[in-house]
Amino acid sequence: LRALVLLSGALVLGGCTATNPVTGEQELGLVSQQSEISVGRDQYGPTRQSQGGDYTLDPRLVAYVRSVGNKLAEKADRRLPYEFVVVNDSSPNAWALPGGKIAINRGLLTELRSEAELAAVLSHEIVHAAARHGAQNMERDVMIGGALTVASALLGGSQYRDLAMQGAQLGASAVNQKYSRDDEREADFYGMKYMARAGYDPAAAVDLQQTFVRLNRERRDNWLEGLFASHPPSQERVDNNRRALAAMGQVPTYRGEKTYAKRLAYLRRVEPAYEAYDKGVKALKKGDLATAKKMAARAIRLEPRESLFYGLRGEAQARGGDLAAARASYNEAIRRDSGYYRHYVVRGLIREKQGDVAGARSDLQRSMQLLPTSAAQKGLLRLQRRR
Numbered sequence: 001l002r003a004l005v006l007l008s009g010a011l012v013l014g015g016c017t018a019t020n021p022v023t024g025e026q027e028l029g030l031v032s033q034q035s036e037i038s039v040g041r042d043q044y045g046p047t048r049q050s051q052g053g054d055y056t057l058d059p060r061l062v063a064y065v066r067s068v069g070n071k072l073a074e075k076a077d078r079r080l081p082y083e084f085v086v087v088n089d090s091s092p093n094a095w096a097l098p099g100g101k102i103a104i105n106r107g108l109l110t111e112l113r114s115e116a117e118l119a120a121v122l123s124h125e126i127v128h129a130a131a132r133h134g135a136q137n138m139e140r141d142v143m144i145g146g147a148l149t150v151a152s153a154l155l156g157g158s159q160y161r162d163l164a165m166q167g168a169q170l171g172a173s174a175v176n177q178k179y180s181r182d183d184e185r186e187a188d189f190y191g192m193k194y195m196a197r198a199g200y201d202p203a204a205a206v207d208l209q210q211t212f213v214r215l216n217r218e219r220r221d222n223w224l225e226g227l228f229a230s231h232p233p234s235q236e237r238v239d240n241n242r243r244a245l246a247a248m249g250q251v252p253t254y255r256g257e258k259t260y261a262k263r264l265a266y267l268r269r270v271e272p273a274y275e276a277y278d279k280g281v282k283a284l285k286k287g288d289l290a291t292a293k294k295m296a297a298r299a300i301r302l303e304p305r306e307s308l309f310y311g312l313r314g315e316a317q318a319r320g321g322d323l324a325a326a327r328a329s330y331n332e333a334i335r336r337d338s339g340y341y342r343h344y345v346v347r348g349l350i351r352e353k354q355g356d357v358a359g360a361r362s363d364l365q366r367s368m369q370l371l372p373t374s375a376a377q378k379g380l381l382r383l384q385r386r387r
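Mapping of the sequence shown onto the numbering used here: position 264 corresponds to residue 264, and the numbering continues sequentially without gaps.
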């Protein structure tokens with residue numbers, strides 16, 4: 001049986017090899033570059049929507065992040081349509097999709113202390129895209145899925161089928177975990193090279209990993225929910241970075257602390273508003289509407305331009321039964337940011353309860369265009385039945 005499974009896998013994968021553009025190693029080549037680009041392009045918007053939408057209140061900061069990213073992308077070993085955005089979420093995180101679509105959260109920007117540290121984060125994500133790490137995950141899914149299918153077919157109705165399938169799934173998890181660590185090591189190593197090529201001090205990548213290890217020891221909740229969940233830090237990564245730095249010889253020394261501090265000045269100034277908002281969101285999840293409203297009011301007072309704050313207030317009002325006030329709050333949220341799906345979902349549901357069928361349908365359809373959700377889909381089905 002084992003031989004048959006292995007043989008079937010070999011037949012599926014045979015002849016599909018390619019050279020990795022970053023490492024130069026031979027690997028599977030089941031996913032074409034065009035497919036990578038298509039997947040990244042199609043998922044970029046919805047992924048950002050699902051994590052808070054784009055941060056737009058400080059266009060100069062967004063342009064600055066983009067300029068640093070583009071400078072690094074020019075030094076990458078692979079040409080892709082790289083893009084860089086800031087996501088409006090307080091959890092410190094950064095991620096890359098296949099094809100070069102990269103994002104960094106507002107919450108991570110406030111934790112960094114220099115342009116070189118920003119370059120360390122972005123170059124790491126660039127390597128994930130350039131080295132086909134996302135494509136490799138898709139290829140592993142194909143390989144593992146094929147093996148599971150073959151094993152299931154061969155075992156048929158055997159009493160050992162469930163046990164064998166569980167074992168295969170555990171094996172798949174182990175493989176993915178192993179490759180994930182390898183991906184992180186490659187992204188650290190080549191990311192430092194990209195930093196140096198672009199004129200940044202790669203020692204900042206060592207300092208950054210040291211900071212991450214310390215924060216991980218402190219078990220800060222927002223870090224565990226963000227970067228550490230997908231990019232787990234370790235002393236091993238710090239040591240690897242130190243060895244890589246020592247082997248690089250003479251490197252640039254530019255850090256850009258003053259420039260970074262200047263670019264982050266506004267965001268740091270309004271950070272208390274986002275802290276109040278985050279507390280309000282947590283209170284809302286617990287059903288504490290009074291605290292949610294209080295935190296929303298504080299956030300709006302500190303930064304009245306942020307649409308998320310009006311959304312928090314509106315959701316608390318809606319849960320409290322004040323639909324008219326809630327609708328007004330969401331009108332304000334959408335006036336300030338017309339491109340975030342959640343505002344339309346909740347306002348649409350409010351309009352449905354108020355009997356505004358046309359308005360509800362328009363809002364829910366708009367939300368589905370930005371990010372398809374079951375809440376909006378169910379709402380549209382209910383409205384269809386009311387015709």
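Heads up, the beta-carbon is just placed ideally off N, CA and C, and yes, glycines get one too. Note that the structure is a prediction, hence the values are computed from the model and not measured.
Any idea what DSSP makes of residue i, helix, strand or coil?
i       : result
Thr-19  : strand
Thr-149 : Caution applies to Thr-149, whose pLDDT of 44 falls short of 50 and renders its modelled position unreliable; the value that the coordinates give is listed next. Three-state DSSP puts Thr-149 in a helix.
Ala-96  : strand
Asp-239 : helix
Asp-42  : helix
Asp-363 : helix
Leu-6   : Unreliable placement is indicated for Leu-6, whose pLDDT of 37 sits below 50; the coordinate value is still reported in the next sentence. Note: Leu-6 maps to helix in three-state DSSP.
Gly-379 : helix
Phe-309 : helix
Ser-374 : helix
Glu-36  : helix
Ala-164 : The predicted position of Ala-164 is uncertain, since its pLDDT is 35 and thus under 50; a value taken from the coordinates is nonetheless stated next. Correct three-state label for Ala-164: helix.
Gly-53  : coil
Gly-69  : helix
Arg-386 : coil
Lys-282 : helix
Gly-320 : coil
Taking the continuous beta strand (DSSP E) assigned at residue i, which residues delimit it?
i       : result
Val-87  : 83 to 87
Leu-28  : 26 to 28
Asn-105 : 101 to 105
For residue i and residue j, what's the separation of their Cα atoms in angstroms?
i       : j       : result
Leu-312 : Met-195 : 39 Å
Gln-392 : Gly-199 : Because residue 392 is not part of the residues shown, which for the chain are 1 to 387, the question remains open.
Glu-271 : Pro-304 : 13 Å
Lys-293 : Arg-301 : 12 Å
Arg-347 : Asp-363 : 7 Å
Leu-61  : Ala-103 : 14 Å
Pro-21  : Ser-67  : 24 Å
Pro-252 : Ala-187 : 19 Å
His-343 : Ser-367 : 8 Å
Arg-327 : Tyr-310 : 10 Å
Phe-361 : Leu-72  : A quick correction: the sequence has Arg, not Phe, at residue 361. Cα to Cα, Arg-361 sits roughly 44 Å from Leu-72.
Gln-26  : Tyr-55  : 39 Å
Ala-324 : Arg-351 : 9 Å
Glu-236 : Ala-261 : 30 Å
Lys-353 : Asn-93  : 37 Å
Gly-355 : Asn-105 : 38 Å
Arg-132 : Ser-35  : 11 Å
Tyr-190 : Val-127 : 7 Å
Ala-296 : Thr-17  : 54 Å
Arg-113 : Arg-386 : 55 Å
Ala-273 : Lys-279 : 10 Å
Tyr-254 : Arg-48  : 31 Å
Ala-247 : Val-238 : 14 Å
Leu-122 : Asp-58  : 19 Å
Ser-50  : Tyr-340 : 9 Å
Leu-28  : Ala-129 : 16 Å
Gln-43  : Leu-97  : 8 Å
Lys-282 : Thr-211 : 27 Å
Pro-372 : Leu-383 : 17 Å
Ala-135 : Thr-19  : 13 Å
Glu-315 : Ser-307 : 13 Å
Gln-317 : Glu-115 : 41 Å
Considering residue i, what are the terminal residues of the alpha helix (DSSP H) in which it resides?
i       : result
Ser-329 : 323 to 336
His-343 : 341 to 354
Lys-293 : 289 to 302
Val-121 : 115 to 130
Counting only C-beta atoms, is residue i closer than 9 Å to chain C at any point?
i       : result
Met-368 : In the structure shown, chain C does not exist; there is a single protein chain.
Per DSSP, residue i forms a beta bridge with which residues?
i      : result
Asp-77 : For Asp-77, which the question treats as bridged, DSSP gives no partner whatsoever.
Asp-58 : Partner(s): none; Asp-58 has no beta bridge.
### Task
Note down, one range per segment and in chain order, each alpha helix (DSSP H) of at least 4 residues found wholly within the region 183 to 221.
As far as the region 183 to 221 is concerned, its whole alpha helix (DSSP H) runs of at least 4 residues are 203 to 218.
### Query
For the region 244 to 280, which segments carrying the alpha helix (DSSP H) assignment without a break, of at least 4 residues, lie completely within its bounds, in sequence order?
257 to 263 and 265 to 269
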